[in-house]
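Asker:
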Amino acid sequence: MNDLPKSAISPLVIATKLAAAANLTAPAFAKQIQKEPRLVELLWFLQWLSMQPGGLDKFALELIEQFPRHFGPAIVHDENGPLTLERREQIWKAISGMVENELIPFQSWATEKGPDDADDYETFARSIGSYPKPCDPTEEKRFRAALMKLPRAKFRDVFIDAAKDRLGSHLRALCMEDDKDRDWMRRDCGGALMLEPWYCENLVTVLLEAMDLHAGRIELQLARTEVVSLVFDRLDYAWQKKVLVKIEGDTRTGKTESVKAWCVMNPGKARLVSTPSGKSCTDLFKAIAEAIGLSYGPKSKSTDLKDQIQYVISHAGLFLVLDEAHFLLPANFDRNTQPARLDWLRTRIIDRKLPVALVTTPQAFRHSANRFEKWTGYNFGQFFGRVMLNVTLPNELSEEDLLGVVKIQGPDIPEKFHRFIVARAMQSEGYLKAIEAVCSRASYVARRDGHPVVTQADVELALSEVIPAQSAPVKLAPGRPPAPPAPLAVKRTRPPAPVAAARPTLQAPSRQTSPAPALEAPDRTTSLEMETV
80 MNDLPKSAIS PLVIATKLAA AANLTAPAFA KQIQKEPRLV ELLWFLQWLS MQPGGLDKFA
140 LELIEQFPRH FGPAIVHDEN GPLTLERREQ IWKAISGMVE NELIPFQSWA TEKGPDDADD
200 YETFARSIGS YPKPCDPTEE KRFRAALMKL PRAKFRDVFI DAAKDRLGSH LRALCMEDDK
260 DRDWMRRDCG GALMLEPWYC ENLVTVLLEA MDLHAGRIEL QLARTEVVSL VFDRLDYAWQ
320 KKVLVKIEGD TRTGKTESVK AWCVMNPGKA RLVSTPSGKS CTDLFKAIAE AIGLSYGPKS
380 KSTDLKDQIQ YVISHAGLFL VLDEAHFLLP ANFDRNTQPA RLDWLRTRII DRKLPVALVT
440 TPQAFRHSAN RFEKWTGYNF GQFFGRVMLN VTLPNELSEE DLLGVVKIQG PDIPEKFHRF
500 IVARAMQSEG YLKAIEAVCS RASYVARRDG HPVVTQADVE LALSEVIPAQ SAPVKLAPGR
560 PPAPPAPLAV KRTRPPAPVA AARPTLQAPS RQTSPAPALE APDRTTSLEM ETV
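Every letter in the sequence shown is one number past the one before it in our numbering, and letter 352, counting from 1, is 431.
1) Measure the C-alpha to C-alpha separation of W127 and A242 and round it to an integer number of angstroms.
2) Of the choices A419, L472 and G464, whose alpha-carbon is the least far from that of Q442?
3) For the pair the region 480 to 489 and the region 507 to 526, tell me if three or more CB-CB distances fall below 8 Å.
4) What residue does the beta strand (DSSP E) around S353 start on, and which one ends it?
5) Who are the near neighbours of D82 in its chain, counting only those whose CB is closer than 8 Å to its CB and skipping five residues on each side?
6) Quick one: grab the DSSP three-state call for K380.
7) What is the DSSP secondary structure of E327, reduced to helix, strand or coil?
8) Just to confirm, is the Cβ distance from R344 to L121 under 9 Å?
9) Here's a check: name, in chain order, each residue in its chain whose Cβ is nearer than 6 Å to the Cβ of A317, leaving out the five neighbours to either side.
10) Sort out for me which residues DSSP pairs N469 with in a bridge.
11) In angstroms, rounded to a whole number, what distance separates the CA positions of E288 and N159?
12) What's the gap between the Cα of M130 and the Cα of Q111?
13) Considering only residues of the region 243 to 322, which uninterrupted alpha helix (DSSP H) runs meet the minimum length of 4 residues and lie entirely inside it, listed in chain order?
14) Does DSSP put K96 in a helix, a strand or coil?
15) Please say whether K334 and K438 have beta carbons closer to each other than 9 Å?
16) First and last residue of the beta strand (DSSP E) that includes F398?
17) Where does the unbroken alpha helix (DSSP H) through A225 begin, and where does it stop?
18) Secondary structure at L103, three-state DSSP: helix, strand or coil?
19) Find out if the Cβ-Cβ distance for the pair S519, V533 is shorter than 9 Å.
20) Please determine, among T416, T426 and V517, the residue with the shortest C-alpha to C-alpha distance to Q389.
21) Out of V283, I371, W454 and H156, which one is the CA nearest neighbour of L626?
22) Would you decide whether Q488 is buried or exposed? Buried here means 16 or more other CB atoms lie within 10 Å of its CB.
23) Since S187 and A139 should fall inside the 8 Å C-beta cutoff, what is the C-beta to C-beta distance between them, to a whole number of angstroms?
24) Using the Cβ count rule (16 or more neighbours within 10 Å means buried), how would you classify E327?
25) Leaving out five residues on either side along the sequence, give the residues of the same chain with a beta carbon under 6 Å from the beta carbon of F311.
26) Could you please give the first and the last residue of the uninterrupted beta strand (DSSP E) stretch that includes V545?
27) For A436, list the residues DSSP reports as bridge partners.
28) With DSSP as the reference, label S506 as helix, strand or coil.
29) Drop a sphere of 10 angstroms on the beta-carbon of K233, count the other beta-carbons inside from all chains shown, and report buried for 16 or more, exposed for fewer.
30) Buried or exposed for S337, going by 16 or more other Cβ atoms inside 10 Å?
31) Helix, strand or coil: how does DSSP classify D430 here?
32) Okay, do the region 406 to 421 and the region 358 to 369 touch, 3+ Cβ pairs below 8 Å being the bar?
33) With 16 other CB atoms within 10 Å as the buried threshold, where does G456 fall?
34) Around the C-beta of A525, are 16 or more other C-beta atoms found within 10 angstroms, so that it is buried, or is it exposed?
35) Which residues in the same chain as L69 place their Cβ atom closer than 7 Å to its Cβ, once the five residues preceding and following it in sequence are excluded?
36) How long is the line joining the alpha carbons of D386 and H446, rounded to whole angstroms?
Right, here's the structure in full:
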């Protein structure tokens, strides 16, 4: 059972709306999509936001704070522009019947009481509540005087407050089905969305800009290395051309982080699926359901889950990015085992011209496929023949790329320490992860020890804790002699006789430059001859 928030919008709802537009049962909605093709991406973006903590209500408040000038006419936000009586009346009429009584209390300008006929009182109250009664000069004069006394901020707050109260529900209604429970959808308008409420006349433009800003914020958190550029290019290609691509690369160079970042940047286009190991298709369907926000429980049937996923993917056109794609093949099998996961992906997704990306470690997918093919005789040619583009990411990154990673991961670390961190990280097994860990630890140590900025001591301590000593040269303490070489260590059991400090043999002289004394050999020879005699 997945733990989606209650506010999460089911992808089945949006898929149903898009299917109605595609088969023209909702012609007005189809025209809206034709006029603004990014509307489909926007709906999936809102659906993804509904799955996040706080949901669309939180996003609505952030949107109002980020774009306050888009809520209400521009004149109420322009402190220098004249807010004339005519313009005030236009604003009043535009919001008539909504919040005008909060602007000017009826008692401050109305002069006449209601009619004696109780049947006409409700009609009378509604008419005078929005504007002075016709042919009443006194009442209109008092109304206009009260209208001119209103400060500009009062008009502005009407739109901002209305947006705070209603925008979250309006965004949710944009994604929902056209039924009797939706105030923003009308059955007699061909399924068209009420895109622009009275308190924000250009809401679609604001939402599209917010969606682009979201992608930009995520990209700023990622150093643009060679690996990132290659991953982004291949994923963009797969999305635009609706094809299958395969990306292979070592995790130590940032492959997984790059793929995750692209998917989070573009939730209106793609969803990242963490492929589970094993051979059960149900586990794969559950992983896809988690990615697209489809609810399921312990009693959900595999066939129902499969049908729902196929319906959503077919009508939504979502881009599935499968990480650890070599798990699509079963790890345990016999001669009669079929690659059910791979067959489903090929027949139900890839063959329907929907974009798919397979992300795996170098040779992992091919190795699993070769092993499976050798044992079962299954022909993978029909699958690999559908791959439109293969890319093998580099195993190493340039120094410039790594410096860019340090700059992103450690913005509070002085630049003079960046190359030192890179040099040590390149000698470690962690590589990019080592840079992230060192930067994180150095920042923590600096705050813990009360340093206003990260110091060299903070960096050295972080390096010694994060990167194992055998991965990098050890910095010797002052006055500590180096360890003696191995040949001298063998002779410690038989210490040599005391010699003068300047004895040349301690400097390892060569035999050519320091030959043995010529007198020693004759002496030994003479003594041997005498013993023989």
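Backbone N, C-alpha and C fix where the C-beta goes; we use that ideal spot for every residue, glycine too.
Answerer: Put simply:
1) Those two C-alpha atoms are separated by around 21 Å.
2) Closest option to Q442, Cα to Cα, is L472.
3) Touching, yes.
4) Element bounds for S353: A349 to S353.
5) There are no such residues.
6) Looking at K380 - three-state DSSP - the assignment turns out to be coil, as it is neither helix nor strand.
7) The answer is strand: DSSP assigns E327 an E or B state.
8) What sits at residue 344 in the sequence shown is Met, not Arg. No, they are not a contact pair.
9) Within the same chain, A317 has close Cβ partners V324, P434 and A436.
10) Answer is K325.
11) Taking the straight line joining both Cα atoms gives about 26 Å.
12) Going by C-alpha positions, M130 is about 25 Å away from Q111.
13) Counting only runs of 4 or more, we get 282 to 299 and 305 to 320.
14) For K96, the three-state secondary structure derived from DSSP is helix.
15) In the sequence under discussion, the amino acid at residue 438 is Val, which differs from the Lys named in the question. If you check the CB distance, V438 and K334 come in under 9 Å.
16) From DSSP, the beta strand (DSSP E) with F398 extends over F398 to D402.
17) Unbroken alpha helix (DSSP H) run through A225: P216 to K228.
18) Coil.
19) No, the Cβ-Cβ distance between S519 and V533 is not below 9 Å.
20) Out of T416, T426 and V517, T426 has the C-alpha closest to the C-alpha of Q389.
21) An answer regarding residue 626 cannot be provided, because it is not within the stretch 80 to 612 covered by the chain.
22) It counts as buried.
23) Actually they are not in contact, since the Cβ atoms of S187 and A139 sit about 32 Å apart, beyond 8 Å.
24) With 16 or more other Cβ atoms within 10 Å, it is buried.
25) Correct list, in chain order: W341.
26) Here V545 belongs to no beta strand (DSSP E); instead the alpha helix (DSSP H) covers Q535 to V545.
27) A436 is bridged to V324 and V400.
28) The displayed chain sequence assigns Gln, not Ser, to residue 506. In the three-state scheme derived from DSSP, where H, G and I count as helix and E and B as strand, Q506 is classed as coil.
29) Counting Cβ neighbours within 10 Å, K233 comes out exposed, since fewer than 16 surround it.
30) S337 is buried by the Cβ-count criterion.
31) Note: D430 maps to helix in three-state DSSP.
32) A contact between stretches requires three or more CB pairs, one per stretch, nearer than 8 Å, and the region 406 to 421 meets this requirement with the region 358 to 369.
33) Exposed.
34) By the neighbour-count rule (16 or more Cβ atoms within 10 Å), A525 is buried.
35) Examination of residue 69 is not possible in this model, given that the chain is present from 80 through 612 alone.
36) One alpha carbon belongs to D386, the other to H446, and they sit about 31 Å apart.
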